[in-house]
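Scroll down for the structure; my scribbles are underneath it.
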Amino acid sequence: MAVETSQSVAKAAGANSARGRGRRTENTPRSTGPGRLRRALSTHWYAWSMVAPVVAVIGVIIGYPLARGFYLSLTDANEANVERTIGVNHIPATYEFVGLDNYKAVLTDNVFWDRLGWTLVWTVSCVALSFTLGLVLANMLNRKLKGRTFYRMALILPWAVPAFVSVFTWRLLFNERSGLFNQLLAGGGIDAISWLNDPTWAKVSVIAVNVWLGVPFMLVAMLGGLQSIPAELYEAAEMDGATAWQRFRHITLPGLRPVSGTVILLSSIWTFNMFPVIFLLTRGGPGDATEILVTYAYKLSFVVSPRDFAGSAAWGVLILALLSLFAVAYRRALRKQGDMW
Amino acid sequence: MSTNTQSAPAPKVRARGERSPLASLGLHLTLLVATLTAVFPPLWLVITSFKPKTDAFDTSVVKNFTFGNYSHVLGDTQFLAWLGNSLVVVGITTVIGVFISATTGYAVSRFRFPGLRPLMWLLLITQMFPVAVLIVPLYNLLASLGMLNQPVGLVITYLTVAVPFCAWMMKGYFDGIPAEIDEAGRVDGLTPFGTFWRLIMPLAKPGLAVTAFYTFITGWGEVAYASAFMTGEENLTLAGGLQTFVNQYTADWGSLTAAAVLIAAPAAVVFGLVQRHLVSGLTAGATKS
């Protein structure tokens, strides 16, 4: 853990007490030599010991694998040459350091760019659809309405069911030969659609399922946001003769901005990394049609044979690089709202 | 979508917020369609689970009502073993996860200490870690420590998934508790830990409930790590076990649906109890300054 200088601590403490939430306001005087560490330790030992378990767990389970994953991505490790034990024989690792070859291979291969393109389509369409639906439904539920509690409970039901259970249910409904959807279509005289086996329909299906899973979170978050907008604003606007659309456009949307910014970012990250929906619904198929970056990297190391650990690690590092862009955007958004850490 | 149709032909004056009957109808119709879409798949799951295996794809609702799938799942499969595995893994994860995310959340909410900023970054970045980056090295690490197929391996893994987010949520809750309470505790001679444990923790109970629920659901519904780290039919967790009913070679939809209902029902009940607090908690950590 990096140790900050006492100057910046003082700054942080000052900024903090300005917001009236400061606990530790006495500033450690600047000093040099061994006394400084001891003083810092005696001032901060309880804070440090409270965060120590988390730092330890994250360090061991994320720090080590991350460093090792990065190293693996620079080698030619696969199932055949890693350290392994067969029966009583212990076979040492024989993979070699190959520098940036894996990255070169991945980035010059169309597979990566194809998967990246689909991952972006997937993320943007899922987030846009679930956000819009959530916003519309939340606006409806925010009115005086008979049966509001019933609608609310029913609409957030998909959230209450574990995702993998829902996904299996959808597979039952999408079943090509005898699933309910195709039987209903047959009843209407329409040919069966191979929901999960046709590349285009498979893409539509996975997005539909993910939107179905994502709307409840959006809905509840938007409801919370709507309730925090003061009713006086609407009254004043109505007095001035603003139409419903104008009220929505100029009061509701700006009022929702803090909440909507956060949920859009969160759900973008979640959707980008959404493993179970695609893995369980289509296994990435047909072919690679619905494979997003995360499921493809998983496939490289656990599904294909021989397992390509180095390639998978290189994909992983590239995914992480993309996600750090998200992190920077998120941090910016937080700073705009005045979070000072 | 309905709007207030103020320009209706009849010059009747409506009170604020009052709708024309037509608008009301549209509102209710839209909501009903949405409700049906939301409720139908889980409902169909429940219905299918009560049909004999051979009727799994029958479109009629109740023809041959049976508990056969349930008795098959409970009696003849490893379902109870999977349930046990899941309960052990998720239970331990929840207890440890809630405790350490509470202490961390409290520390980052109340203290300004060197390392705070890197720690916040760490928590933020960890939240967006994709499974794919870690899973292979983690697999190797657990293998070399002999922790594959052991609940403890999954517990530690799930902690890293759930704790960063929960720490953010808890920070949001603690930020909402006035610092004067801490000060009063300190004046009365409590240590920082004493203040946290005896004054703040009881006040943060709703937050703790949400954190516990979130950790629980994370573990209960996790698929990737569980599929990779646990092998052998009796070592699987629920997510892994369910996959054995329907894979490339077999399709026992009867057992699958019954097992799925048994898995989803308790989670849905708990969800119903905590849902009021859920979103304030989920967004608090992120939106509150």
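Protein chains in written order, with numbering that gives the first Met the number 0: chain F, 0 to 340; chain Z, 0 to 288. Beta carbons: idealized from backbone N, C-alpha and C, even for Gly.
{"Item": "Quick one: what's got a C-beta closer than 7 angstroms to Trp211(F)'s C-beta in the same chain, skipping five residues either side?", "Value": "Pro157"}
{"Item": "Given Phe163(F), which residues of its chain have a CB within under 7 angstroms of its CB, disregarding the five upstream and five downstream residues?", "Value": "Pro275 and Leu279"}
{"Item": "Rounded to the nearest angstrom, what separates Thr103(Z) and Gly90(Z) at their Cα positions?", "Value": "20 angstroms"}
{"Item": "Helix, strand or coil for Ile291(F)? Go by DSSP, reduced to three states.", "Value": "coil"}
{"Item": "Examine chain Z for any beta-carbon lying closer than 8 angstroms to the beta-carbon of Arg256(F), and answer yes or no.", "Value": "no"}
{"Item": "For Phe110(Z), name the three-state secondary structure that DSSP assigns.", "Value": "coil"}
{"Item": "Answer yes or no: does any C-beta atom of chain Z fall closer than 8 angstroms to that of Ser300(F)?", "Value": "yes"}
{"Item": "For my contact list, Thr93(F) and Ser267(F) are in at a C-beta cut-off of 8 angstroms; report their separation, rounded to the angstrom.", "Value": "Going by Cβ atoms, the distance from Thr93(F) to Ser267(F) rounds to 41 angstroms, so no, they are not a contact pair."}
{"Item": "Would a C-beta distance cut-off of 8 angstroms place Phe180(F) and Leu171(F) closer than the cut-off?", "Value": "no"}
{"Item": "Can you give me, in chain order, the residues of the segment 112-128 of chain Z that have a beta carbon less than 9 angstroms from any beta carbon in chain F?", "Value": "Phe112, Pro113, Gly114, Leu115, Arg116, Pro117, Leu118, Met119, Trp120, Leu121, Leu122, Leu123, Ile124, Thr125, Gln126, Met127 and Phe128"}
{"Item": "Taking one C-beta from the segment 232-239 of chain Z and one from the segment 207-222 of chain Z each time, how about it: are there three or more such pairs within less than 8 angstroms?", "Value": "yes"}
{"Item": "For a contact defined as C-beta to C-beta under 9 angstroms, what are the partners of Arg35(F) on chain Z?", "Value": "Result: empty, since nearest Cβ-Cβ is about 11 angstroms, beyond 9 angstroms."}
{"Item": "Just tell me which of Trp244(F), Pro161(F), Met221(F) and Val53(F) has its CA closest to the CA of Pro265(Z).", "Value": "Pro161(F)"}
{"Item": "What residue ranges within the segment 267-334 of chain F form continuous alpha helix (DSSP H) runs of no fewer than 4 residues, ordered along the chain?", "Value": "275-280 and 292-301"}
{"Item": "How many angstroms separate the CA atom of His71(Z) from the CA atom of Ile176(Z)?", "Value": "51 angstroms"}
{"Item": "Is any beta-carbon of chain F found at less than 8 angstroms from that of Thr159(Z)?", "Value": "yes"}
{"Item": "Is the CB of Leu79(Z) under 8 angstroms away from at least one CB in chain F?", "Value": "no"}
{"Item": "With DSSP as the reference, label Val245(Z) as helix, strand or coil.", "Value": "strand"}
{"Item": "Does the count of Cβ pairs from the segment 117-124 of chain Z and the segment 160-171 of chain Z closer than 8 angstroms reach three?", "Value": "yes"}
{"Item": "Should Trp200(F) and Pro40(Z) be called a contact, given that it needs their Cβ atoms to be closer than 8 angstroms?", "Value": "no"}
{"Item": "Take the Cβ of Ser323(F) as the centre, count every other Cβ of all protein chains shown within 10 Å, and call the residue buried at 16 or more, exposed below.", "Value": "exposed"}
{"Item": "From the DSSP output, in three-state form, read off Asn88(F) for me.", "Value": "strand"}
{"Item": "Helix, strand or coil: which one does DSSP assign to Phe49(Z)?", "Value": "coil"}
{"Item": "Residues of chain C with a CB under 9 angstroms from the CB of Thr76(Z): which are they?", "Value": "In the structure shown, chain C cannot be found, because the protein chains are F and Z."}
{"Item": "Taking any Cβ of chain F, which residues in the segment 206-222 of chain Z have a Cβ under 9 angstroms from it, in chain order?", "Value": "Ile216, Trp219, Gly220, Glu221 and Val222"}
{"Item": "For Thr131(F) and chain Z, any beta-carbon pair shorter than 8 angstroms?", "Value": "no"}
{"Item": "Taking only three categories from DSSP, how would you classify Ala191(F)?", "Value": "coil"}
{"Item": "Is the beta carbon of Asp108(F) sitting closer than 8 angstroms to the one on Glu95(F)?", "Value": "no"}
{"Item": "Mark Gln126(Z) as exposed unless 16 or more other C-beta atoms lie within 10 angstroms of its C-beta, in which case mark it buried.", "Value": "buried"}
{"Item": "Provide the residue(s) that pair with Thr74(F) in DSSP beta bridges, ordered along the chain.", "Value": "Phe96(F)"}
{"Item": "Could you pull out every residue in the same chain whose Cβ sits closer than 6 angstroms to the Cβ of Asn84(Z), ignoring the five residues on either side in sequence?", "Value": "Thr236"}
{"Item": "Check whether the segment 242-258 of chain Z and the segment 64-81 of chain Z are in contact - that is, three or more C-beta pairs closer than 8 angstroms.", "Value": "yes"}
{"Item": "Would you give the residue range spanned by the alpha helix (DSSP H) that Phe163(F) belongs to?", "Value": "Ala162 to Phe173"}
{"Item": "May I ask you to list, following chain order, the residues of the segment 188-200 of chain Z that have a beta carbon less than 9 angstroms from some beta carbon of chain F?", "Value": "Thr190, Pro191, Phe192 and Phe195"}
{"Item": "For a test of the three-state rule: what should DSSP assign to Ala250(Z), helix, strand or coil?", "Value": "strand"}
{"Item": "Assuming Ala104(F) and Pro305(F) make a contact with CB atoms under 8 angstroms, what is their CB distance in whole Å?", "Value": "With a Cβ gap of about 16 angstroms, Ala104(F) and Pro305(F) do not count as contacting."}
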